[in-house]
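FYI, the working numbering numbers position 288 of the sequence shown as 764, with every residue one higher than the one before it. Here's the structure, in structure tokens; my notes come after.
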Amino acid sequence: LKTMNRLSVYEDTAARKTYFTKVHGLPNISPLVSSVEETPEPIPTTVKGTIPTWIHGSLLRNGPGKFKFGNQHYNHWFDGMALMHRFQIEDGQVTYRSRFLRSDSYKQNSERNRIIVSEFGTLALPDPCKNFFQRFLSRFEIKPTDNASVNFVKYKGDYYVSTETNYIHRVDPDTLESKQKVDWSKFIAVNGATAHPHFDPDGTAYNMGNSYRNKGAFYNIIRVPPERDGPEDNLEGAKILCSIAPRDKSKPSYYHSFGMSENYVVFIEQPIKMDLFKIVTGRLTGKSLNEGVYWDPNQETTFHLIDKQTGKEMPVKYHAKALSTFHQINAFEQNGFLLDGQAINNFLMYNTMSRPLPRRFVLPLNISSETPLEQNLNTRPDSTATAVCRTKNQVFCTFEDLHGEDLKDYGGLEFPHINYARYNTKPYKYYYGCGFRHLVGDSLIKMDLESKKFKVWRQPDLYPSEPVFILSPNAEKEDDGVILSVIITPVKDKSTFLLVLDAKTFEELGRAEVPVNIPYGFHGVFNSSA
């Protein structure tokens, strides 16, 4: 993370073109991933400019905040202990508080002042206080972490913090205190779930999680009802809608999120693979979990559509050349097609930094025995994506870009967000995200899908978090609202601030300066109190 000279690679997987952007002398951002102290009581901020008085609620964010115990350091940014943040906004003023999640991982590491629980990129070493036989047996233990550092999610009106294992934690969104550790596997047969569920308007939640059985791995579509049956109810009533067998059950695909339209869950089985044998035997071989994950560019990507009402997987499979995606933008159905947009990147490899680029696939829904073969079925006049039926159950697709060439100058776009409340699963015009000319976001971007032109907020040595859109009262247009983002810098101590942009003009309205250091985090949500 110190000053770097890198050759950045853009690969257009459909056209097989590679774009190179030389980025020299990238600044040192190591302070952005350094341990900080928690701020458990609310503290005031200094507001400059104007924060709209109609904003009532709190921006809740999650991410790693402690990277060292004793003399042991974590090896990967993802491994740091979860630090939850709350920016409370009322009457144009902002207060800030933060608190470490009191997970079992955090408590055990703190008690021993060493890393006890393995994380994604860090293998915990056997306890030196144990005898030889005990240390040997400990290498056979597989303990999934409950360090839920990725996102805030909402089930049945309650807030949880989540990672991708089977453990989530219910938290108080006001005090950030940990209330209850919840295990997905106590309710349904899964060994984890993503930190990016989707929601129907009535509050019904959909998610995905893997299960590992005697016959190998399966991908599972999960549905959680919107209503609680009682004060102690958390995931009761959760149901597996559908189970999908991987192409290779011993090497399932990794996925960080999924798409959803009005009637379908869209699962992208991509060639980022998990070697289960390497992962399970990692403690014996001294390998951390991330060393069992690899990129196989020789495999195609497969799109699976699952009917949300029936739980049935559609018989038609949609294929594309190798691609990787971590975050979906939006998916919607229109005139017999399902349109799915996502930030797509080539897999990160040594000494290269691939750039995530927003792209869209157009999937024809009405495939039958009468569908002609070997011709483009995408009849949308404004679309350059293709969909060619190979057989009655197989369609090969290529994407269209949701950007112009000039987006590459800003490192592509990741952490995509939309006006989710009104435009999730519907046709939309705008999306927001971070430009990535560094290893973390270094600009905020608003993209117009119709013109493919974009607006940018960027200032030297400032690194924004993912943008969160908040709809303004009496909004009529899609972009009537504000964007919230937490801005941090590695060059000046205690210089974090909450930025508020006009979502329409992308001009700064105001900022709330926080007198403490905050590490670069992952994801968050806005909890409205209006």
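The beta-carbon is built from N, C-alpha and C at its ideal position, and this holds for glycine as well.
Quick one: what's got a C-beta closer than 6 Å to T778's C-beta in the same chain, skipping five residues either side?
Position 302 of the sequence shown, counting from 1, holds the residue named residue 778. The residues are E745, K793 and H795.
Just curious, the beta strand (DSSP E) that N1003 is in, first and last residue?
The residue you call residue 1003 lines up with position 527 of the sequence shown. Taken as a continuous stretch (DSSP letters only), the beta strand (DSSP E) holding N1003 covers H999 to S1004.
Give the DSSP-derived three-state secondary structure of R723 in the structure shown.
By one-based count along the sequence shown, residue 723 stands at place 247. R723: coil per DSSP, three-state reduction.
Does the beta-carbon distance from P940 to I921 come in below 7 Å?
The residue labelled residue 940 in the question sits at position 464 within the sequence shown. The residue labelled residue 921 in the question sits at position 445 within the sequence shown. Taking 7 Å as the Cβ cut-off, P940 and I921 do not qualify as a contacting pair.
Nearer than 6 Å: is that true of the beta carbon of N774 relative to any heavy atom of the ligand GDP?
This structure lacks the ligand GDP, and indeed carries no ligand of any kind.
When we look at the beta-carbon of D705 and count the other beta-carbons within 10 Å, is it buried (16 or more) or exposed?
Stepping through the sequence shown from its first residue, residue 705 is reached at position 229. Taking every protein chain shown into account, the CB of D705 has fewer than 16 other CB atoms within 10 angstroms, so this residue is exposed.
Nearest CA to the CA of K542: which residue from T515, G525, V509 and Q569?
Residue numbering aside, residue 542 sits at position 66 when the sequence shown is read from its first letter. For K542, the nearest C-alpha among the options comes from V509.
So, at 6 Å on beta carbons, what are the nonlocal neighbours of S948 in its own chain, with the 5 sequence-adjacent residues on each side left out?
By 1-based counting over the sequence shown, the position of residue 948 is 472. Scanning its chain for C-beta atoms nearer than 6 Å, with the 5 sequence neighbours on each side dropped, one finds around S948 the residues D956 and G957, in chain order.
What is the DSSP secondary structure of P620, counted as helix, strand or coil?
For the purposes of this step, residue 620 is taken as the residue at position 144 of the sequence shown. Here DSSP, grouped into helix, strand and coil, assigns P620 to coil.
I'd like to check one pair, S961 with P943: are the Cβ atoms closer than 7 Å?
Position 467 of the sequence shown, counting from 1, holds the residue named residue 943. Position 485 of the sequence shown, counting from 1, holds the residue named residue 961. Yes, the pair counts as a contact, with Cβ atoms nearer than the cut-off.
Expressed to the nearest angstrom, what Euclidean distance is found between the alpha-carbon atoms of G679 and L974?
Position 203 of the sequence shown, counted from the start, is the residue given in the question as residue 679. Position 498 of the sequence shown, counted from the start, is the residue given in the question as residue 974. Cα to Cα, the separation comes out at about 28 Å.
With a cut-off of 8 Å on the beta carbons, I'd call F1035 and A714 a contact; round off their distance for me.
Look at the range of the chain in this structure, 477 to 1006, and you will see that residue 1035 is not part of it.
Rounded to the nearest angstrom, what separates S513 and A624 at their Cα positions?
Taking the first residue of the sequence shown as position 1, residue 513 is located at position 37. Taking the first residue of the sequence shown as position 1, residue 624 is located at position 148. The sequence given here places Glu at residue 513; Ser does not occur at that position. In a straight line, the C-alpha of E513 is about 18 Å away from that of A624.
Which residues does DSSP list as the beta-bridge partners of D567?
Here residue 567 refers to the residue found at position 91 when the sequence shown is read from its first residue. Paired residue(s): none; D567 is not in a bridge.
So what does DSSP say about D709, is it helix, strand or coil?
Position 233 of the sequence shown, counted from the start, is the residue given in the question as residue 709. It is coil, neither helix nor strand.
Let me know if I505 comes out buried or exposed under the rule of 16 or more other beta-carbons within 10 Å of its beta-carbon.
One-based indexing of the sequence shown puts residue 505 at position 29. Per the 10 Å Cβ criterion, buried.
So what's N822 in DSSP terms, helix, strand or just coil?
On the sequence shown, position 346 is the one that residue 822 refers to. Annotation note: pLDDT 46 at N822 (below 50); position unreliable, no value reported.
Using C-beta distances below 8 Å, list every residue in its chain close to G812, excluding the 5 sequence neighbours before and after it, in chain order.
Taking the first residue of the sequence shown as position 1, residue 812 is located at position 336. In its chain, beyond the 5 residues on either side, P840, L841 and N842 have a beta carbon closer than 8 Å to the beta carbon of G812.
Could you check if L849 is buried or exposed, using at least 16 other CB atoms within 10 Å of its CB as the buried criterion?
Along the sequence shown, one-based indexing puts residue 849 at 373. Its Cβ having fewer than 16 others within 10 Å, L849 is exposed.
Can the beta-carbon of V626 be found less than 7 Å from the beta-carbon of T639?
Residue mapping note: residue 626 aligns to position 150 of the sequence shown, counting from 1. Residue mapping note: residue 639 aligns to position 163 of the sequence shown, counting from 1. Closer than 7 Å, so yes.
Among K902, L977, E517 and E876, whose alpha-carbon lies nearest the alpha-carbon of R934?
Along the sequence shown, one-based indexing puts residue 934 at 458. Selected option, being the one with the closest Cα: L977.
Could you spell out where the beta strand (DSSP E) holding F596 opens and where it closes?
Within the sequence shown, residue 596 is the residue found at index 120, counting from 1. Here F596 belongs to no beta strand (DSSP E), and DSSP marks it neither H nor E.
Under the three-state reduction of DSSP, which class applies to F554: helix, strand or coil?
Taking the sequence shown and counting its residues from 1, one reaches residue 554 at position 78. In the structure shown, F554 sits in a helix (DSSP, three-state: H, G or I).
Inspect the beta-carbon positions of K524 and R913 and report whether they are closer than 7 Å.
To locate residue 524, count along the sequence shown from 1; it is residue 48. To locate residue 913, count along the sequence shown from 1; it is residue 437. No; because the gap between Cβ atoms is not below 7 Å, this pair is not in contact.
Please report the distance separating the alpha-carbon of N993 from that of F1002.
Residue mapping note: residue 993 aligns to position 517 of the sequence shown, counting from 1. Residue mapping note: residue 1002 aligns to position 526 of the sequence shown, counting from 1. Cα to Cα, N993 sits roughly 21 Å from F1002.
Within the same chain, show all residues whose beta-carbon is closer than 6 Å to that of S594, passing over the 5 residues directly before and after it, in chain order.
Translated into positions along the sequence shown, residue 594 becomes position 118. Result list for S594: A600, in chain order.
Check whether the Cβ atoms of A863 and L853 sit closer than 7 Å, and answer yes or no.
Position 387 of the sequence shown, counted from the start, is the residue given in the question as residue 863. Position 377 of the sequence shown, counted from the start, is the residue given in the question as residue 853. Yes.
Can you give me the C-alpha to C-alpha distance between D431 and H732, rounded to a whole angstrom?
Past the edges of the chain, shown from 477 to 1006, lies residue 431, and the structure says nothing about it.
Would you grab the beta carbon distance between T965 and L938 for me? Rounded to a whole angstrom, and I think it's under 8 Å.
As a position in the sequence shown, residue 965 is number 489, starting the count at 1. As a position in the sequence shown, residue 938 is number 462, starting the count at 1. Confirmed, about 5 Å.
When the Cα atoms are used, what is the spatial distance from D622 to L577?
Counted from its first residue, the sequence shown places residue 622 at position 146. Counted from its first residue, the sequence shown places residue 577 at position 101. Taking the straight line joining both Cα atoms gives about 10 Å.
DSSP has W771 in a bridge; who is on the other side?
Walking along the sequence shown from the start, residue 771 turns up at place 295. DSSP lists I748 as partners of W771.
Do the CB positions of P892 and H803 come within less than 7 Å of each other?
Translated into positions along the sequence shown, residue 892 becomes position 416. Translated into positions along the sequence shown, residue 803 becomes position 327. Yes, they are a contact pair.
The alpha helix (DSSP H) spanning E587 covers which residue range?
The sequence position of residue 587 within the sequence shown is 111, counting from 1. Per DSSP, E587 belongs to the alpha helix (DSSP H) from D580 to R588.
Once you ignore the five residues that flank W660 on each side, which residues in its own chain have a CB closer than 6 Å to its CB?
Within the sequence shown, residue 660 is the residue found at index 184, counting from 1. Closer than 6 Å at Cβ, skipping near neighbours: N642, V666 and A669.
Sorted by chain position, which residues of the same chain lie with C-beta nearer than 6 Å to N766's C-beta, five sequence neighbours on each side aside?
The residue you call residue 766 lines up with position 290 of the sequence shown. So the qualifying residues of the chain are F596 and G597.
Determine the contact status of F552 and S1005, defining contact as a CB-CB distance below 7 Å.
The sequence position of residue 552 within the sequence shown is 76, counting from 1. The sequence position of residue 1005 within the sequence shown is 529, counting from 1. It is worth fixing the name first, because residue 552 is His in this sequence and not Phe. Not closer than 7 Å, so no.
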